[in-house]
Amino acid sequence: MSANTSTAAIDFLKLPENYNKIEWHILSANTNPKAIEMLIQKESEEFDLEEREFKRLKHYEKINWTELSKNPKAISLLEKKWEDEKGLKQNDRREYNKLKKIGYIIDWTSLSVNVNAIDLIRRKIDEENKLSEKAYDSLEPIEKINWWVLSRNPEAIHLLEANRDKIDWVQLGKNPKAIKLLEEELKVRPQNIYWYSLSGNPEAIKILNKNKDKIVWSIFSENPNAGELLRERIEFEEKLPKKKYNEITNYNKLNWHFLSSNPSIFTY
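Mapped onto our numbering, the consecutive letters of the sequence shown carry residue numbers 788 to 1055.
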């Protein structure tokens, strides 16, 4: 029930007789505005708990910050949490480290995929860029932007353009809004293009059509925008002598399991 995003479900959970049945670790990912209101109140309640009281809570009785960090509707709560954490780092580092140890801080790896958190991510990048190399390296993975994850965030393109040296090009190949960036890179550093990941990108058909010899057909078989190119490949493979067909690696021929569930093969 805690995962149900309908307003009726949230209203049901808010009833006094149901409140103790809420699974807060699951509700943390719920995008319903009323669920966000509940999470804001819950965060305030947890913040005010004594340490011994907080420790008594089961995992399902408290906010899961990994899930909440991915929640695109929880930006105001994440903003507040970040300010609280910065204050703790300055004034009570020991308390901050306790929270970090139990994962009760913003998970910046998870937040890196949050499409509505771009301004937060931008400010975090600025903060990280001001750190010394030693200070940056001392951060736990949960405490810093994950560029592997950020590279596939469709709303982070301008951040990626400004930090090309940090891009994970495998993941960028999957990013549906990175086509212009990928086209530019293909012209100057083609070695950075990973055709395996690009072959599955539904917005990359123009690039793939110009580079048919680079297509990874097993992956391309499930590309929802691949109709015409798949038709051509089906005809090509059907005309091959059996011996020639068997010489093609599975990696480089159509995957009929993927193909059979691809709606584009019925629309070409």
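Heads up, the beta-carbon is just placed ideally off N, CA and C, and yes, glycines get one too.
On the CB-based measure, 16 or more other CB atoms within 10 Å of its CB, does residue i come out buried or exposed?
| i | result |
| --- | --- |
| SER897 | buried |
| VAL902 | exposed |
| SER856 | buried |
| SER789 | buried |
| ASN1039 | exposed |
| TYR883 | buried |
| TYR949 | According to the sequence shown, residue 949 is Ala rather than Tyr. Its Cβ having fewer than 16 others within 10 Å, ALA949 is exposed. |
| ILE1072 | Within the shown structure, residues of the chain are numbered from 788 to 1055, placing residue 1072 beyond reach of any answer. |
Compute the beta-carbon to beta-carbon distance between residue i and residue j, rounded to the nearest angstrom, for a pair I have assumed lies under 8 Å.
| i | j | result |
| --- | --- | --- |
| LYS876 | TRP895 | In fact, because the Cβ distance is near 14 Å, the residues do not count as touching under 8 Å. |
| LEU1017 | ILE1052 | 6 Å |
| LEU995 | ARG1020 | Wrong, their Cβ atoms sit about 11 Å apart, outside the cutoff. |
| ARG976 | LEU946 | Contact doesn't hold; Cβ gap of about 19 Å is too wide. |
| ILE862 | ALA816 | Wrong, their Cβ atoms sit about 14 Å apart, outside the cutoff. |
| GLU1107 | LYS849 | In the structure displayed, the chain extends from 788 to 1055; residue 1107 sits before or after that span and is not available. |
| LEU929 | ILE892 | In the sequence on display, residue 929 carries Ile and not Leu. So it is a contact: roughly 7 Å between Cβ atoms. |
| PRO1050 | PRO1011 | 6 Å |
| LEU907 | LEU865 | 6 Å |
What does the alpha-carbon distance come out to for the pair residue i and residue j?
| i | j | result |
| --- | --- | --- |
| GLU927 | TRP852 | 15 Å |
| LEU826 | THR818 | 11 Å |
| PHE841 | SER938 | 36 Å |
| SER1048 | GLU830 | 43 Å |
| LEU1027 | LYS961 | 31 Å |
| THR794 | ALA822 | 9 Å |
| LEU973 | ILE980 | 6 Å |
| LEU918 | TRP811 | 35 Å |
| ILE809 | LYS921 | 42 Å |
| ASN916 | ARG951 | 14 Å |
| ASP924 | LYS868 | 23 Å |
| GLU835 | GLU971 | Per the sequence presented here, residue 835 reads as Asp, with Glu not at that position. Going by the C-alpha atoms only, they are around 51 Å apart. |
| TYR847 | ASN807 | 10 Å |
| TYR1055 | VAL1003 | Below a pLDDT of 50, predicted positions are generally treated as unreliable, and TYR1055, at 46, falls in that range; no measurement from the model is reported. |
| LYS845 | LYS999 | 54 Å |
Quick check on the DSSP output: what are the complete alpha helix (DSSP H) runs of length 4 or more inside the stretch 870-919, in order along the chain?
Runs found: 880-888, 895-898 and 905-916.
With a cut-off of 8 Å, do at least 3 Cβ pairs link the stretch 1007-1023 to the stretch 973-989?
With a cut-off of 8 Å, the stretch 973-989 and the stretch 1007-1023 count as touching, because enough Cβ pairs lie within range.
Going along the chain, which unbroken runs of the alpha helix (DSSP H) with 4 or more residues stay wholly within the stretch 832-858?
Within the stretch 832-858, the complete alpha helix (DSSP H) segments at least 4 residues long are 838-843 and 852-857, listed from N- to C-terminus.
Counting only runs that start and end within the stretch 1002-1049, where is the alpha helix (DSSP H) found for 4 or more residues in a row?
DSSP assignment within the stretch 1002-1049 yields the following whole alpha helix (DSSP H) runs of 4 residues or more, N-terminal first: 1004-1007, 1014-1026, 1029-1034 and 1043-1047.
Please go through the stretch 800-831 and give each complete beta strand (DSSP E) segment of 3 or more residues, from N-terminal end onward.
None, since the stretch 800-831 contains no complete beta strand (DSSP E) of that length.
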